[in-house]
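A quick write-up on the structure given underneath.
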Amino acid sequence: MNSARKQKLGIVLSIVLGAAIAVSLILVAFDQGLNVFFTPTEIADGKVNAHQNIRIGGMVKVGSLVKEGLAGTRIEFVATDTNIDIPVVYEGVLPDIFREGQGVVAEGYVDEHGVFQARQIMAKHDENYMSPEVQAAMEAGRHKQAQGSLTP
Amino acid sequence: MIPELGHFALILALCLGSLQAVLPLVGAQTGNVQWMQLCRPLSAGLWVFMVLGFGCLAYAFLHDDFSVAYVAHNSNSLLPVYYKFAAVWGAHEGSLLLWVLILATWGYAVSLLSRELPLDILARVMSVMALITVGFLIFLLATSNPFERLLLNTPAEGVDLNPLLQDFGLIVHPPFLYMGYVGFSVAFAFAIAALLTGRLDAAWARWTRPWTNAAWAFLTIGIALGSWWAYYELGWGSWWFWDPTENVSFMPWLVGTALIHSLAVTEKRGVFKSWTILLAIAAFSLSLLGAFIVRSGLITSVHAFAVDPKRGMVLLTLLLLIIGGSLFLYALRAPVVKGTSTYGGYSREIFLLINNILLVVSTAMILLGTLFPLIHEAIYGEANRVSVGPPYFNTLFLPLMALLAFMLGVSTFSRWKRTALDHLTKNLWKLLLASVALGIVLPLLVSARFAPGAMLAIALALWILFGVAQDLWQKTANKASRLSGLRSLSLSYYGMQVAHAGLAVIILGICLTSHYSIEEDRRMAPGDSLSIGSYEFVFKGVEERKGPNYVANSGNIDVLRNGVPYLTLHPEKRRYLARGDVQTEVAIEVGFFRDLFTALGDPRGDGAWVVRIHVKPFVFWIWLGAFLMAAGGVTAILDRRYRKKLVHAGVMPTSDAQDMQGVLDH
């Protein structure tokens, strides 16, 4: 093989190698970084494995927030899509716009007791702004509830 | 009356802009000198009317004219006067007005400072910029008029500015960021002009470089300010979230960085030409994509403006017209601009090519991560939403940047055209040894914990810094004295080295903060204390304090260093009266080597609060490094080379040239 061909082969091989590394890195990264979004109803339907890292969205049920009398920085509340309620536990500092009756997105996992263990509670810029996820979850929840009331 | 005047000024600006978009371009294509010459007065007029329009909106804010809907929704008579002014760009309509004003300002600046440009190129550049301005003015006037009135039921009091925005950050962050975003329109317009004329030579690259550097420096500062703002305002002590809105500002920055380097090759060696054009188009297109994503409400983000599908559609159309049109032109005309020289292995060209590949790949991977939720939703339907979190971005971005930092160190000693391999190895092996050894030893001196990430980061940062120092040492070696050697080096060389050192400083800041921060969220009753390293934090309880437009729960946290009282921090929880919003104000003791960060969480009964206490080493270096990078970019602009007038006969009368020199010297 002459040197020009060798050089071309080298370039082609490094491109193939680079692409292979890039693709495998992306797959690994997606595996770690991808959070699938679920609504409380979907969790109740058994679509989520225990300890799978997910995001949930819904409303903070009015009257469900417990802050006092718990150990450390723990708080508890109930997230609802109006159809199904799911208890949420979180340890740490809440974002300022977290409030009962407002939308919430939380990241974490469902434990063996069906309690959502939140690692992070998302903050919003604007209290009038509802994230598309929460909006869709609420609509789906209401839809499901309406169906439920039609078929006793 | 004043708001109507402002509205009218914007309409006049639209008319002038439309003329400027057409006449100079047609003049340039048909050789009509008078039409081409119109671009200067038209751009001045466009700018004047944009300033007038912006001034009218600012006037409405400063005079609490709540009959203007936008003012009523985003201001309040109790708001301090500087926030009233900054509230002009506190929401969608006004920030879009600022966007267009800055676009017109860049255009006017080009017409003022580019007198050495051949008139036909200037005319084309100005027309392209006016075309973009017109597009955004139509969008502004048709869907987002900031002067809309509430004449029938004028509220007595405004709703108030979102408390999160009532901060020094709002005053400086958006203007810098927009100067950066919009500044890339100049490089874009130059690229389009080059495609239209087919002339893309060293002179073209020399005209484009200072403008690109300027936009890039503004964007660097804008992103750094945003990150700093998030660090102390969102109250989480984090300075980067890989949030979609951050990503869309970071992508044009990465591509802009690639563009700066590829322009260097185009100027010095006459290659990478069509690639440079493509990067110039991409940098501005990504800026536009950013504007679209933030303003369309498509992606959940802490920054998203209020959602309005109609706006999103108009903006998307505008985006597709600009990006599609420029890429179409590129496809037609790119073969015209061809590279002229060759280069071999280990040449500086090759290293800059690697730099470009790494930066563009990083951008592509951020773009994929940012848009993936949209793609996924489009394929699997609205019920199956996903989000892409920080682990994705860190897994991909950090290795790419490590590679980039390593190649940067190598390329410092490369030469144009061809570099002998032993020249590189001779220069590098000692540096490599020193930086790796120090990278391993230094972290072990601080803590016995084995931290490979911190070690790699320190080694890479030292690798860059040693390279910068050794190159300076060698470049001054053969001069009469070191000092005269330092004087003989060009400003663009200094700019480059300062910016590269800035990157090393950022790497140190990011990695040391990530590895060695100590973060505690504790429930603390009055009298409780917490020790972190040599610091002890004593929570003394919370008392009420009245501000101009809020009531605050102000915490008292005594900090002791080595047992000696050091200072008291007052993190606050504020309730703003107009909206009833609650807002955390953190208290930070900023230091060169570490920040002490405290924030109040929520009350937990009996005077106890959840308190957030972080000790963050080297976090200041992140912003210091960004500042150094921007300073490097500005230093390079000041290089004499960019002020030399062209030797083209008859392009410019001498008096003009002297004027020009005067303008630039100031």
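Which chain is which? The protein sequence lines are H and B, in order. Residues in the first sequence are numbered from 7 upward in steps of one, following our numbering. Residues in the second sequence are numbered from 1467 upward in steps of one, following our numbering. Yeah, the Cβ is synthetic: ideal placement off N, Cα and C, and Gly gets one too.
Taking C-beta atoms as the reference points, T1979/B and F1872/B fail to come closer than 7 Å.
At a beta-carbon threshold of 8 Å, the residues of chain H lying near Y1858/B are A35, F36, Q38, G39, L40, ordered along the chain. Contact of D2061/B with chain H is not assigned, every C-beta pair being separated by 7 Å or more. For G1624/B, no Cβ of chain H is located within less than 7 Å of the residue's own Cβ. For S1954/B, the three-state secondary structure derived from DSSP is helix. When secondary structure is reduced to three states using DSSP, F1838/B falls in the helix class.
When DSSP assignments are scanned along the region 1986-2045 of chain B, the uninterrupted stretches of beta strand (DSSP E) that are 3 or more residues long and fall wholly within it turn out to be 1995-1998, 2001-2012, 2016-2027, 2030-2035, 2038-2042.
For the region 91-124 of chain H, residues whose beta-carbon sits nearer than 7 Å to a beta-carbon of chain B comprise G98, V99, L100, D102. Taking 7 Å as the threshold, the shortest C-beta distance from R1989/B to chain H falls below it.
When DSSP states are grouped into helix, strand and coil, K2082/B belongs to the strand group. Against chain H, the CB of S1704/B has no partner CB under 7 Å away; the residue lies outside that interface.
DSSP places S9/H within a helical segment (H, G or I) once states are collapsed to three.
The alpha-carbon separation between W1708/B and F1859/B amounts to approximately 7 Å.
Contact note: L1862/B reaches chain H through L31, I32, A35, using a C-beta cutoff of 7 Å and chain order. Y1697/B and L1588/B have their C-alpha atoms some 42 Å from each other. If only uninterrupted beta strand (DSSP E) runs of at least 3 residues are considered, those enclosed by the region 21-103 of chain H are 40-44, 60-66, 80-86, 91-97. Counting every other CB atom within 10 Å of its CB across the protein chains shown gives L1926/B a total of 16 or more, marking it as buried.
At least one C-beta of chain H is nearer than 7 Å to the C-beta of R2078/B. In summary, no residue of the region 1515-1543 of chain B has a CB separated from any CB of chain H by less than 7 Å. By the criterion of a C-beta distance shorter than 7 Å, G98/H is surrounded in its chain by T79, once the five residues flanking it on both sides are discounted. Uninterrupted beta strand (DSSP E) stretches at least 3 residues long and entirely within the region 1935-1982 of chain B do not occur.
A1494/B sits close to R1590/B, with the two beta carbons spaced by under 7 Å.
For T47/H, the nearest beta carbon of chain B is not closer than 7 Å to its own beta carbon.
With its beta carbon less than 7 Å from one in chain B, K73/H belongs to the interface. The C-beta distance from E1986/B to I1998/B rounds to 7 Å, short enough to fall under 8 Å. Contact check for P1612/B against Y1536/B passes: the beta carbons are separated by less than 7 Å. Chain H has no Cβ within less than 7 Å of the Cβ of S1807/B. Taking C-alpha positions only, A1749/B is separated from I1689/B by approximately 15 Å. Under the three-state reduction of DSSP, V2077/B is assigned to strand. Among the residues facing chain B, G78/H is included, as its CB has a counterpart in that chain under 7 Å away. Remark: C-beta atoms of E1614/B and R1672/B do not approach each other more closely than 7 Å.
Against R61/H, the close residues of chain B are S1853, in the order they occur along the chain (beta-carbon pairs closer than 7 Å). Within 7 Å of the CB of F43/H, the CB atoms of chain B belong to R1851, V1852, S1853, in sequence order along the chain. Between the beta-carbon of L1597/B and that of A1487/B there is about 4 Å, and that keeps the pair under the 8 Å contact cut. With the criterion set as a beta carbon lying under 9 Å from some beta carbon of chain H, the region 1935-1953 of chain B has no members that meet it. If you check the CB distance, F1532/B and A1524/B do not come in under 7 Å.
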